[in-house]
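Engineer: Numbering (my numbering), first residue to last: 66 to 543.
Virtual Cβ for every residue (Gly too), placed ideally from N, Cα, C.
Values in this document were obtained by computation on a predicted structure and should not be read as measured data.
If you scroll down you'll find the structure; I have some questions about it.
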Ligand code: SF4
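Below is the structure:
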């Protein structure tokens with residue numbers, strides 16, 4: 066992607082050059098994506114302050130003499146919060162150059178530049194961020210953004226500096242089936258992905274590449290979080306088995322160093338099947354659940370998304386993880402332009418059949434396909450023509466289902482599930498309501514639900530999803 070003209074304001078006058086790194090939201094995780102750049106920048110002598118808007122408020126004093134403010138947008142919801150926060154940040158940080166970095170930055174480059182953002186960085190961006198800060202410190206007042214918008218070179222990762230972030234115990238924690246909780250740490254063993262699923266936001270940036278974080282760096286990061294009380298580690302890699310040898314090395318090293326620490330990871334259905342022989346060792350090393358982007362159980366939809374697995378493969382992955390004693394937490398894109406009401410009910414039936422109801426956060430059953438700028442879905446013949454014009458508020462191309470009952474059901478479910486989340490309604494009760502509402506939409510009586518819907522599984526207190534509307538609470542943080 067081309068660099069753009071970016072006028073840079075005068076840097077802060079005296080003292081070390083001040084950089085403020087801001088995380089709008091990252092699923093309740095203590096962000097590696099702030100801690101890693103913080104370590105790089107501090108090493109170069111920059112004064113770095115981290116602000117996590119999921120737990121902190123924008124502080125005018127911190128922003129007023131910043132030379133650079135950089136917001137991290139690793140997911141859709143975070144980007145929408147960032148877009149809304151940028152005007153206020155711009156007012157408060159009058160001397161600062163604005164940068165937005167992370168997966169969703171390159172995809173939304175034009176929009177962000179229109180909001181006054183001078184630098185947009187994605188991919189393996191730490192060297193680019195350092196270069197930008199050095200140029201600002203050197204008093205370059207106007208120049209072309211010489212740093213690439215997307216960097217994919219291999220970077221020598223350093224141990225993330227988490228010292229400037231809120232305490233780990235304030236972030237999402239592990240919830241065990243008996244209701245007890247544990248402090249969870251968050252580590253990354255790799256970034257990017259070698260697959261090209263059409264709907265995935267990783268793909269337009271990494272284009273089928275992934276990059277490893279050296280095992281000793283990951284272990285040092287885990288060690289510091291265990292020192293902060295973590296007894297569970299959640300690996301945030303897009304796919305822990307993109308490099309199965311690396312994944313297994315991390316699992317072994319974690320278990321050898323901290324035998325009492327459990328972990329979870331994200332692994333795609335195809336990798337669960339292809340590397341099934343590794344699952345028992347993952348379990349012995351402390352893996353208690355695997356999140357997997359199943360997305361659908363309908364083979365036609367899976368083909369359109371280029372998921373490289375079938376509905377039957379999903380069943381197989383459920384069986385394999387169960388055999389290994391690891392819980393499976395599948396995620397779904399429940400509503401697509403190709404979803405029918407019958408197909409939606411078939412998804413619910415499959416979850417019942419597989420006794421997976423307790424393993425699926427209800428929000429997963431309301432997710433609507435998002436088509437951001439740059440999505441590989443736009444390459445599907447005839448698809449773009451069916452979409453509406455790009456909506457900067459939604460950060461995507463809206464679509465309308467040919468069957469209005471499907472859109473109505475999705476809206477109703479989304480509102481219902483959000484209310485249930487607020488009230489803490491049990492998953493099986495929410496599912497029962499979804500079951501009833503889906504049948505009502507179809508004009509059929511809902512059959513009585515089976516008694517055995519599966520057992521609760523370990524989970525993080527903040528459910529995994531990437532494309533929800535920002536909440537009122539999130540928007541009040543700035
Ligand atoms: S959905 Fe998962 S496997 Fe597919 S490209 Fe994205 S990260 Fe990779």
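#1: Once you ignore the five residues that flank residue 227 on each side, which residues in its own chain have a CB closer than 6 Å to its CB?
#2: Where do the ends of the beta strand (DSSP E) carrying residue 246 lie?
#3: Nearer than 6 Å: is that true of the beta carbon of residue 358 relative to any heavy atom of the ligand SF4?
#4: Apart from the five residues just before and just after residue 112, which ones in its own chain have a Cβ nearer than 8 Å to its Cβ?
#5: Taking the runs of the alpha helix (DSSP H) that are 4 residues or longer, which of them lie wholly in the stretch 166 to 244?
#6: Along the chain, where does the beta strand (DSSP E) that runs through residue 356 open and close?
#7: Just the C-alpha distance for residue 403 and residue 411, rounded to the nearest angstrom, thanks.
#8: How many Å lie between residue 451 and residue 155 at the Cα?
#9: List the endpoints of the continuous beta strand (DSSP E) containing residue 298.
#10: Quick one: which unbroken alpha helix (DSSP H) runs of 4-plus residues sit fully inside the stretch 389 to 437? Chain order, please.
#11: Within 10 Å of its beta-carbon, does residue 161 have 16 or more other beta-carbons around it, so buried, or fewer, so exposed?
#12: Would you list the residues sitting across from residue 331 in a DSSP beta bridge?
#13: Does the beta-carbon of residue 458 have 16 or more other beta-carbons within 10 angstroms, so that it is buried, or is it exposed?
#14: Consider the C-beta atom of residue 267 and the heavy atoms of the ligand SF4; say whether any pair is separated by less than 6 Å.
#15: Helix or strand or just coil, what does DSSP make of residue 274?
#16: Quick one: using the 10 Å Cβ neighbour count with 16 as the cut-off for buried, is residue 117 buried or exposed?
#17: What is the rounded straight-line gap between the Cα of residue 512 and the Cα of residue 406?
#18: Just the Cα atoms here: how many angstroms apart are residue 312 and residue 222?
#19: Might you give, ordered along the chain, the residues of its own chain that have their beta carbon closer than 7 Å to the beta carbon of residue 381, omitting 5 neighbours on each side?
#20: For the stretch 522 to 529 and the stretch 383 to 397, state whether three or more C-beta atom pairs, one from each stretch, are separated by less than 8 Å.
#21: State yes or no: is the C-beta of residue 176 within less than 7 Å of the C-beta of residue 134?
#22: Give a yes or no on whether the C-beta atoms belonging to residue 225 and residue 104 are separated by under 7 Å.
#23: Taking only three categories from DSSP, how would you classify residue 113?
#24: Taking the alpha-carbon of residue 199 as reference, which of 109, 461, 257 and 130 has the nearest alpha-carbon?
#25: How long is the line joining the alpha carbons of residue 194 and residue 128, rounded to whole angstroms?
#26: Between which two residues does the beta strand (DSSP E) carrying residue 509 extend?
#27: At the level of alpha carbons, what is the spacing between residue 70 and residue 181?
#28: Taking residue 130 as the reference, give the member of 291, 232 and 159 with the closest Cα.
#29: Enumerate in chain order the residues of its own chain whose CB-to-CB distance from residue 419 is below 6 Å, with the five nearest sequence positions on each side excluded.
Structural biologist: Walking through what the data contain:
#1: To locate residue 227, count along the chain shown from 1; it is residue 162. If you ignore the 5 residues before and after residue 227, its C-beta comes within less than 6 Å of the C-beta of 100, all in its own chain and listed in chain order.
#2: In the chain shown, counting from the first residue as 1, residue 246 sits at position 181. Element bounds for residue 246: 246 to 252.
#3: In the chain shown, residue 358 corresponds to position 293, counting from 1. Result yes, Cβ under 6 Å from the ligand SF4.
#4: Here the question's residue 112 lines up with position 47 in the chain shown. Excluding positions up to five away in sequence, the list reads 80, 81, 82, 83 and 84.
#5: Counting only runs of 4 or more, we get 169 to 172, 174 to 179 and 191 to 202.
#6: Position 291 of the chain shown, counting from 1, holds the residue named residue 356. 352 to 360 is the extent of the beta strand (DSSP E) around residue 356.
#7: The residue labelled residue 403 in the question sits at position 338 within the chain shown. The residue labelled residue 411 in the question sits at position 346 within the chain shown. Computed Cα separation, rounded: 14 Å.
#8: Translated into the one-based positions of the chain shown, residue 451 becomes position 386. Translated into the one-based positions of the chain shown, residue 155 becomes position 90. If I take the Cα positions, the gap works out to 37 Å.
#9: As a working mapping, residue 298 is identified with position 233 in the chain shown. Following the DSSP letters along the chain, one finds residue 298 inside the beta strand (DSSP E) bounded by residues 297 to 300.
#10: Secondary structure within the stretch 389 to 437: the alpha helix (DSSP H) runs of 4 or more consecutive residues, fully enclosed, are 406 to 418 (chain order).
#11: In the chain shown, the residue the question calls residue 161 occupies position 96. Residue 161 comes out buried.
#12: By 1-based counting over the chain shown, the position of residue 331 is 266. According to DSSP, residue 331 bridges with 356.
#13: Working through the chain shown from its first residue, we reach residue 458 at position 393. Taking a 10 Å sphere around the C-beta of residue 458, we find fewer than 16 other C-beta atoms and assign the residue as exposed.
#14: Working through the chain shown from its first residue, we reach residue 267 at position 202. Indeed, a heavy atom of the ligand SF4 lies less than 6 Å from the Cβ.
#15: Residue 274 sits at position 209 when you count from the first residue of the chain shown. Assignment of residue 274 by DSSP, reduced to helix, strand and coil, places it in the coil class.
#16: Here residue 117 is taken as the residue at index 52 of the chain shown, counted from 1. Buried, because 16 or more other Cβ atoms sit within 10 Å of the Cβ of residue 117.
#17: Counted from its first residue, the chain shown places residue 512 at position 447. Counted from its first residue, the chain shown places residue 406 at position 341. Counting only the Cα atoms, residue 406 lies some 16 Å from residue 512.
#18: As a first step, residue 312 is located in the chain shown; it is residue number 247 there, counting from the start. As a first step, residue 222 is located in the chain shown; it is residue number 157 there, counting from the start. One C-alpha to the other measures close to 17 Å.
#19: Residue mapping note: residue 381 aligns to position 316 of the chain shown, counting from 1. If we look at residue 381 and ignore the five residues flanking it on each side, its Cβ neighbours are 338.
#20: Segments in contact, yes.
#21: For the purposes of this step, residue 176 is taken as the residue at position 111 of the chain shown. For the purposes of this step, residue 134 is taken as the residue at position 69 of the chain shown. Pairing residue 176 with residue 134 gives a Cβ-Cβ distance that is not under 7 Å.
#22: As a working note, residue 225 is residue 160 in the chain shown. As a working note, residue 104 is residue 39 in the chain shown. A distance below 7 Å separates the beta carbons of residue 225 and residue 104.
#23: Counting from 1 along the chain shown, the entry for residue 113 is found at position 48. DSSP places residue 113 in strand when its eight states are reduced to three.
#24: Within the chain shown, residue 199 is the residue found at index 134, counting from 1. Minimum Cα distance to residue 199 is reached at 109.
#25: Translated into positions along the chain shown, residue 194 becomes position 129. Translated into positions along the chain shown, residue 128 becomes position 63. Going by the C-alpha atoms only, they are around 18 Å apart.
#26: Locating residue 509 in the chain shown gives position 444, where the first residue counts as 1. No beta strand (DSSP E) holds residue 509; DSSP gives it neither H nor E.
#27: Counted from its first residue, the chain shown places residue 70 at position 5. Counted from its first residue, the chain shown places residue 181 at position 116. Its pLDDT being 42, under 50, residue 70 is placed unreliably in this model, and the coordinates cannot settle the point.
#28: In the chain shown, residue 130 corresponds to position 65, counting from 1. With distances taken between Cα atoms, residue 130 lies closest to 159.
#29: Residue numbering aside, residue 419 sits at position 354 when the chain shown is read from its first letter. Cβ within range, chain order: 383.
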